[in-house]
Amino acid sequence: MNLARFVAAAALALLQGCTLLKTVVHNTADLDDYKIFPNRSVATAGAPSRLGTLARIPPFLANLRVPDERGALHELGRHLEDTRTVAFVVMREDRIIYERYSRGYDERSLLNSFSIAKAIVATLVGIAVGDGVLALDATVGNYRPELAETAYGAVTLRKLLTMTSGVGDAPSLLPGRAQFYYGDDLYDVVARSVPAQGLSEDWRYSEADVQVLAFVLEAATGMTPSAYLAEKLWKPLGMESEALWALDREGGSEKAFCCISARARDFARFGRLYLDAGRWDGAQLVPEPWAGRRVLHGIRTKDGYRHQHLWWTPPASQGDFYAYGHQGQYVFVDPESRTVIVKFSEGDREDPIGMFRAISASLRSPANLAQIEQIDATAVASR
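In terms of my numbering, the sequence shown has 279 at position 21, counting the first letter as 1, and numbering is strictly consecutive.
Structural data, given as structure tokens:
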């Protein structure tokens, strides 16, 4: 190694020393990582929007057998235990019909979204586009001139949303995700990013693309992503608790690719917004073209899934889609059965789509819906 390369490598190691230390100390990402990172609050409006709850679990759900990813059937509650589920909410329309917490968590616990945050960021971008604040075919450099000469300068917002930027990871001693998750200067990481090998613009999962979206959103709106989330979603949706959005350092930038910690019911409210293509309580919070069936028509990834507006559509979809986070975090939406399912887990790698579809299919049965109505009527009569 010549002297210049040695000096450059030494400087890079010095700059990344704190990130490397945090990676070694914490070892892996966790549901409670809001306790180790600085955060910015996402405020609520006060009284939460009302969600109905049933007095007991409907018999058809209590007895439902659901498939694992290999097709073997299991009793629902046991399968949730086996897949290390800490929070599970099934909501039909505005009623919670099944809710379960375990492993030390309850309905008041804040849970790390991991990459579910990507779908939330995309929703905020859609709102800004609808308001005329952002244009999808404008480039990053249009909104952030200081990034104009970087690998991201000429990339359009549309390409960021579809993860087809053609930009690779910044040089680092750490894997790409580690330097984002534990890094203390996300702007620097983005600015040092380089074109992907071969300048490919094929789909490539990217933390950086979403982080750049947030930098653009902040420049265009003049608000931090946390403040914009509070104004455009958290308050209008009547979330029951403030959320915490992790920062790269005190007073720094939101980790837009992850790390919104909120209650399970509030993640369900976010999913509920997509049951009606962005409408909530009579108001169109997200433009209908953004939150409607267009979500289903994304870029096909290598494993047969589709990816659009940072939501996932599974193979053989009949209209269902979901947001996914590291370690088994899901917000599943099925407009046909009017169902939202939230599942948060501790390190589970099991694909739960078969289970979600079994539950949503059960909610298309008139007999099962009658069970729900009967339980609800009984609960009202007994009050």
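Every residue gets a Cβ at the ideal spot worked out from N, C-alpha and C, and that includes glycine.
Computed from a predicted model, the values in this text were never measured in an experiment.
Asked                                                                                                                   : Found
Under 8 Å between C-beta atoms of residue 341 and residue 577                                                           : no
Identity of the residue in 417, 388, 422, 290 nearest residue 362 by Cα                                                 : 290
Reference residue 355; option with closest CA among 380, 315, 332                                                       : 315
Sheet register partners of residue 601 (DSSP bridge)                                                                    : 346, 588
Three-state class that DSSP yields for residue 552 in the structure shown                                               : helix
Selection from 526, 448, 584 that minimises the alpha carbon distance to residue 308                                    : 526
Candidates 306, 333, 353: closest to residue 597 by CA position                                                         : 353
Three-pair Cβ contact test at 8 Å for the stretch 435-444 versus the stretch 412-425                                    : no
Supposed contact pair residue 486 and residue 382 - C-beta distance, whole angstroms, cut 8 Å                           : 6 Å
Cβ shell of residue 633 (< 8 Å), same chain only, five flanking positions each side left out                            : 312, 313, 314, 316
Three-pair Cβ contact test at 8 Å for the stretch 383-392 versus the stretch 604-616                                    : no
CB of residue 528 within 8 Å of CB of residue 553, strictly                                                             : no
Residue 331 - partner residues in DSSP beta bridges                                                                     : 325
Cβ neighbours of residue 543 in the same chain (closer than 8 Å, five flanking residues each side left out)             : 385, 490, 491, 494, 495, 531, 536, 537
Close-in-space but distant-in-sequence residues of the same chain around residue 452 (CB under 8 Å, 5 per side omitted) : 409, 425, 426, 427, 428, 429
Limits of the unbroken beta strand (DSSP E) element including residue 529                                               : Counting along the chain, residue 529 falls outside any beta strand (DSSP E), though it belongs to the alpha helix (DSSP H) covering 522-533.
Three-state secondary structure assigned by DSSP to residue 538                                                         : strand
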